[in-house]
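Trainee: Structure below; questions to follow.
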Amino acid sequence: MPASEPTFENLDNADAVIARGRADGLSEPRLCDAMAVLQPIFDSLGFGEYPPFDSLDRTRLTSLEPEISYIGRALTRSGNADIKGAGYHVLGRLDSEQDLPTLRKGVESRAQWERLEAIRALASMRQPGARTLLVEASHHDDLQTRQAALRALRQS
């Protein structure tokens, strides 16, 4: 785990995230490839559109591990809600057990929108731990959070 994790504060700091990843021992060419795979998501966000998360090829994403998870986690640390939400969806498409702690943080967020985005991401995963987090979220104090988690559990 890196000493200080990168944050994707805006779509213009991809180079800084790549540089930080390189400093943390990740492959710069693979980080660049991961950014290229995510470019349609970034383009949509830049135009204020809902990103085409379903078009992300899970096999292609997982072939870029661990660099793609590194970028996904950086996205989830953004102060920008759209970028943060995109990070949760990318992690959900990756369907990796190593990203469950990040998604747990989203489910435990004080912000309802963030909990709902993390739940949507968990709903797309097949990891047993994702289902466990959804069961936990189904007992949340917030009604919409509970409903989203229950809906996700019914779909899985």
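Heads up: take any position in the sequence shown, counting from 1, add 73, and you land on this note's numbering. Glycine is no exception: its CB is placed at the ideal position from the N, C-alpha and C atoms.
#1: Excluding sequence positions up to five away, which residues of its chain have a Cβ less than 6 Å from the Cβ of Ala222?
#2: Would you call the segment 137-150 in contact with the segment 101-116, where contact means no fewer than 3 C-beta pairs closer than 8 Å?
#3: Could you tell me whether the Cβ atoms of Ala203 and Leu195 are closer together than 8 Å?
#4: In this structure, does DSSP put Arg199 in helix, strand or coil?
#5: On the criterion of 16 or more Cβ atoms from any shown chain inside 10 Å, does Glu190 qualify as buried, or is it exposed?
#6: Leaving aside the five residues before and after Leu84 along the sequence, list all residues of the same chain whose C-beta is less than 8 Å from its C-beta, in chain order.
#7: Which value, in whole angstroms, describes the spacing of the CA atoms of Arg133 and Gly94?
#8: Near Val90, what residues of its chain come up, given a Cβ to Cβ distance below 7 Å and the 5 sequence neighbours on each side ignored?
#9: Could you check the C-alpha separation between Thr218 and Gly158 for me, to the nearest Å?
#10: How many Å lie between Asn153 and Arg227 at the Cα?
#11: With Gly165 and Ser197 assumed to form a contact (beta carbons below 8 Å), what rounded beta-carbon distance in angstroms separates them?
#12: How many angstroms separate the CA atom of Asp215 from the CA atom of Pro201?
#13: Going by C-alpha distance, which of Ala87, Pro124, Trp186 is nearest Val163?
#14: Which first and last residues belong to the alpha helix (DSSP H) in which Gly145 is found?
#15: Going by other Cβ atoms of all chains shown within 10 Å of its Cβ, with 16 needed for buried, is Gly98 buried or exposed?
Mentor: The relevant details are as follows:
#1: Exclusion of the five residues before and after Ala222 leaves Ile192, Leu207, Ala210, Ser211 as the residues of its chain whose Cβ lies within less than 6 Å of its Cβ.
#2: Verdict: yes, contact present.
#3: Yes, they are a contact pair.
#4: Arg199 falls in the coil class under three-state DSSP.
#5: Classification of Glu190: buried, given that the 10 Å Cβ count is 16 or more.
#6: Answer for Leu84: Phe115, Leu118, Gly119, Ile156, listed in chain order.
#7: Straight-line Cα distance between these residues: approximately 19 Å.
#8: Counting only Cβ-Cβ distances below 7 Å, and skipping sequence neighbours, we find Pro79, Phe81, Ile144, Ala147.
#9: Distance between the alpha carbons of Thr218 and Gly158 is about 15 Å.
#10: In a straight line, the C-alpha of Asn153 is about 30 Å away from that of Arg227.
#11: So it is a contact: roughly 4 Å between Cβ atoms.
#12: Distance from the CA of Asp215 to the CA of Pro201, rounded to the nearest whole angstrom, comes to 24 Å.
#13: Nearest option by C-alpha distance: Pro124.
#14: Segment 140-149, the alpha helix (DSSP H) holding Gly145.
#15: Exposed, by the Cβ-count rule.
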